[in-house]
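Chemist: As numbered in numbering that gives the first Met the number 0, the sequence shown has no gaps in its residue numbers, which increase by one up to the final residue, 96. For each residue, glycine too, the CB sits at the ideal point set by N, CA and C.
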Amino acid sequence: MKYLFLLSTLFVLASCTNKPEEKSLEQLDKKSAREVTLKTVTQGDSVLHITTQHIWYNGEQVASKSDTIKTELAPKTWGSVDTANTLGKVPIYVTVQ
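1. When the Cα atoms are used, what is the spatial distance from V35 to G78?
2. Taking the DSSP output, what are the residues bridged to L86?
3. By how many angstroms is the C-alpha of R33 removed from the C-alpha of V95?
4. What do you reckon, are the CB atoms on K75 and L47 nearer than 8 Å?
5. Where does the unbroken beta strand (DSSP E) through Y56 begin, and where does it stop?
6. Suppose you measure from the CA of I91 to the CA of K38; what does that come to, to the nearest Å?
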């Protein structure tokens, strides 16, 4: 009986936690915002790392720019070679300042 009470208490507490509501990108207000898109494109033995930015202010797009960095698909390094891990498949980490 104690276990049933403990289990039901935990269930009630878990269901009462306030989780912030996530909005899809289509619902976000672009009236004043900065939109950044990161894209990786593999072309033969090269990888294109493409960053595109759009800046919105008072409902108008005031600036837009795209930058591309080109690297080898599998650069030669001093460490051991991981053939399954190429630059087209490595994770993307984003830092916002």
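Modeler: This is what the structure gives:
1. As a working mapping, residue 35 is identified with position 36 in the sequence shown. As a working mapping, residue 78 is identified with position 79 in the sequence shown. Those two C-alpha atoms are separated by around 33 Å.
2. Here the question's residue 86 lines up with position 87 in the sequence shown. Answer is none; L86 lacks a bridge partner.
3. As a position in the sequence shown, residue 95 is number 96, starting the count at 1. As a position in the sequence shown, residue 33 is number 34, starting the count at 1. Approximately 11 Å between the Cα atoms of the pair.
4. Indexing the sequence shown from 1 puts residue 75 at position 76. Indexing the sequence shown from 1 puts residue 47 at position 48. No. Outside cutoff.
5. In the sequence shown, residue 56 corresponds to position 57, counting from 1. Y56 -> beta strand (DSSP E) spans S45 to Y56.
6. Taking the first residue of the sequence shown as 1, we reach residue 91 at position 92. Taking the first residue of the sequence shown as 1, we reach residue 38 at position 39. About 10 Å.
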